[in-house]
Each structure stands twice: as structure tokens, then as C-alpha cells.
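Colleague:
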Amino acid sequence: MKIFPSLSIAFFLLLFSIASYGCFKNDYANPDYVKEVKDFRKGRVKFLKSEEGYLNLVGLFWLNNGKNTFGSDNNNDLHFPQEFPKKFGTVTRLENKLSFTFEEPVSFNNDSIITSSTIDIDDKSNFFSYGPFRWFIIKSSDNYAIRMRNLESPILKENLNLRFYEIDQSWRITGKFTPYDNYRTSIITNVRDHDYKQKIPGIIHFRRDGKAFSFEPNYTKYGMQVMFTDQSTGSETFSGGRFLLLKIPNDNQEVILDFNKALNFPCAVNDYTTCPIPPKTNHIDLMVSAGEKVYIKTDRLVN
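Sequential numbering of the sequence shown, starting at 2, is according to our numbering.
#1: Hey, Q254 and F178 are a contact pair by Cβ (cut 8 Å); roughly how many whole angstroms apart?
#2: Tell me the residue span of the beta strand (DSSP E) that contains E104.
#3: Please state the DSSP three-state secondary structure of A263.
#4: For V216, tell me which candidate among D210, N57, Q226 has the shortest Cα-Cα distance.
#5: Who are the Cβ neighbours of P180 in its own chain at under 7 Å, not counting the five residues just before and after it?
#6: By the three-class DSSP mapping on this structure, what secondary structure does S171 have?
#7: In this structure, does DSSP put I120 in helix, strand or coil?
#8: Counting pairs of beta carbons, one from the segment 243-259 and one from the segment 133-144, are three or more of them closer than 8 Å?
#9: Could you say which of I122, T102, G67 lies nearest to T116 if we only look at CA atoms?
#10: Quick check on D231: buried or exposed, where buried means 16 or more other Cβ atoms within 10 Å of its Cβ?
#11: Check whether the segment 283-291 and the segment 166-177 are in contact - that is, three or more C-beta pairs closer than 8 Å.
#12: Considering only C-alpha positions, which residue in the set I122, D123, E104 is nearest to I114?
#13: Which class does F13 belong to by DSSP, given the choice of helix, strand or coil?
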């Protein structure tokens with residue numbers, strides 16, 4: 002049978018393109034990278050279940066000026082879990098101090114047993130313990146609250162079924178960071194409708210699918226991060242948006258945006274939180290099908 006040269010060449014090019022495409026897709030499944038992301042996601046679950054994580058939170062009690070009563074009885078100003086005595090004590094807010102009194106002894110900072118204590122309202126190092134419960138003071142804008150943990154919460158023994166998109170290395174994107182001459186100030190609102198100021202160091206530009214996008218990052222105690230929403234927000238991903246932890250830009254002002262490591266805010270897994278709402282300027286008109294999906298509490302248990 003006679004084979005036309007042009008047809009043979011076309012057939013060869015077709016095979017080559019298919020083979021090349023296969024190699025290209027395999028790049029997305031680089032074993033070392035896949036392991037890196039899987040380890041990151043395992044670390045996510047480990048942190049959520051840790052003492053400092055969010056799964057063990059069982060209370061958030063906002064303080065009024067003056068005296069606040071607390072205990073398990075509903076008549077208290079602050080309604081503690083049922084494991085506490087009905088009338089457990091009081092906390093009085095006076096300017097920059099908080100004065101606690103307790104009907105039963107509690108542990109203070111794991112080094113003393115007390116029935117009363119006065120602390121600086123902005124000292125985040127202090128905490129109290131009663132049985133498996135631990136509580137401390139948090140600040141949200143100009144508001145203060147007692148945040149409580151149950152270190153023996155039953156949820157800690159359950160399998161946490163976090164949902165993620167399949168790992169796709171094409172979502173590991175190199176962006177360009179452009180620092181501002183001076184930090185800009187942005188007003189961020191959280192889910193408690195509290196406003197606070199956030200310093201913005203610059204802007205990150207990146208491209209995806211031939212289109213240009215940008216984010217304004219901010220700094221946290223964990224380093225630089227980006228809070229964002231996209232076309233998946235509220236459907237496939239958490240309605241409150243997601244965030245990315247970033248490394249400091251290199252000497253060329255390049256920064257890696259690894260959307261496979263995009264995470265939900267703590268509000269997705271626990272109501273006793275004060276999550277920020279991503280600024281509208283950080284919404285991108287793009288379906289980011291990478292990272293953590295919406296958390297469905299009914300699917301928490303995995304058999």
C-alpha cells in the first residue's frame with residue numbers, strides 16, 4: 002500500500018503531540034511535589050486537632066464593661082458549658098485590666114492554683130484551666146472576649162474529612178511582588194462585624210489562562226498571606242473565602258502562589274472564631290479549582 006509522505010508526517014506529528022501532552026500532564030503529577038502537597042494537607046489536619054487548633058473551641062463569650070457573671074446556669078451573663086458549676090465566678094472589666102473571681106479553684110498558666118486574679122487585658126500569654134477546659138482573652142477590634150477550648154472534645158477523636166481538589170501543579174504559579182513605597186492601610190471586617198486596620202506591603206501580579214490578575218497581601222504572625230475569593234467561592238469552596246500562606250519574595254521580587262495549598266478560614270470548621278472577610282479588591286474572576294473545598298460537617302466521620 003502506498004503511503005503519502007504528507008500523511009505520514011502528519012500522523013507522526015499527531016503522535017508526537019499526544020506524547021508531548023502526556024509528558025506535560027505528568028509534570029503536574031511530579032511525585033515529589035505531590036508528596037509535598039499531601040504532607041502539607043496532613044499538617045493541616047494535625048494543626049486543626051492540636052491544642053492550638055480550631056476544632057477544640059467550644060465557646061466565645063464577649064465581655065461587657067463592668068461585671069460579667071459566668072457559669073453553666075442560663076441566668077449568667079456568660080453561659081459556660083454544662084460541665085461547669087451553675088455559678089462559677091465573675092470577670093470585671095476596668096479599662097486595661099480584667100479581674101477574675103472563681104467559686105472553685107482553677108489553674109492559672111499551668112503553674113498555680115487560684116480563686117482570683119487580675120490580668121492586663123492585652124496580655125495574650127495568660128490562660129485559665131478547669132478540668133479539660135482552657136480559656137483566655139482575645140481581642141477583635143476594640144472588643145474583648147473569652148475564648149474557650151475543650152482539650153478533650155469528642156471531635157478530636159473523629160476522622161476529619163477535609164475535601165480538596167486533585168493536585169494540579171499548573172496551579173503553582175509564580176507571581177511578581179511590587180512593594181508600595183509606604184505601607185498602605187486597609188480596613189478589614191471580620192465575621193463578627195468588627196473592623197480593624199491591616200497594613201498592605203504591596204501588590205502581587207500573576208497570570209493564569211492568558212489573563213492577568215492581582216492580589217494585595219498582608220502580614221500575619223505566620224508570615225505573608227493572601228485572603229481571596231474567586232468564582233468557586235460559595236459553591237465548591239467555602240463561602241467566606243480562602244487564604245494562601247506565602248514565603249517572602251526572593252531577590253527578584255518573585256513569590257510562589259501555590260493554590261493547591263489554598264485553605265479555608267477557621268470559620269469553615271468552627272463557629273467560635275473571628276475570621277476576616279477577604280477584601281473585594283482580592284476577588285478574582287477565575288475558577289480556582291485547587292486547594293481546599295467547602296467543609297461539610299455531616300461528612301466529618303469517615304468509616
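Think of the CB as a built atom: it goes at the ideal place given N, C-alpha and C, for glycine as much as any other residue.
Modeller: Walking through what the data contain:
#1: As a working note, residue 254 is residue 253 in the sequence shown. As a working note, residue 178 is residue 177 in the sequence shown. That pair is a contact at about 5 Å.
#2: On the sequence shown, residue 104 is found 103 positions in, with the first residue counted as 1. First-last of the beta strand (DSSP E) with E104: 98-109.
#3: Locating residue 263 in the sequence shown gives position 262, where the first residue counts as 1. Three-state DSSP puts A263 in coil, outside helix and strand.
#4: Here residue 216 refers to the residue found at position 215 of the sequence shown. Before going further, note that residue 216 is Phe rather than Val in the sequence given. Ranking the options by Cα distance to F216, first place goes to Q226.
#5: On the sequence shown, residue 180 is found 179 positions in, with the first residue counted as 1. The residues are P202, G203.
#6: Residue 171 sits at position 170 when you count from the first residue of the sequence shown. Residue state, collapsed to three classes: helix.
#7: In the sequence shown, residue 120 corresponds to position 119, counting from 1. Three-state result, I120: strand.
#8: no
#9: Numbered from its first residue, the sequence shown carries residue 116 at position 115. If we check each option's Cα against that of T116, T102 comes out closest.
#10: Residue mapping note: residue 231 aligns to position 230 of the sequence shown, counting from 1. It is buried - the Cβ of D231 has at least 16 other Cβ atoms within 10 Å.
#11: yes
#12: As a working mapping, residue 114 is identified with position 113 in the sequence shown. That would be E104, whose Cα lies nearest to the Cα of I114.
#13: Mapped onto the sequence shown, residue 13 falls at position 12. Here F13 scores only 36 on pLDDT, less than 50, and its place in the model should not be relied on; the value that follows carries that caveat. Here F13 sits in helix by DSSP.
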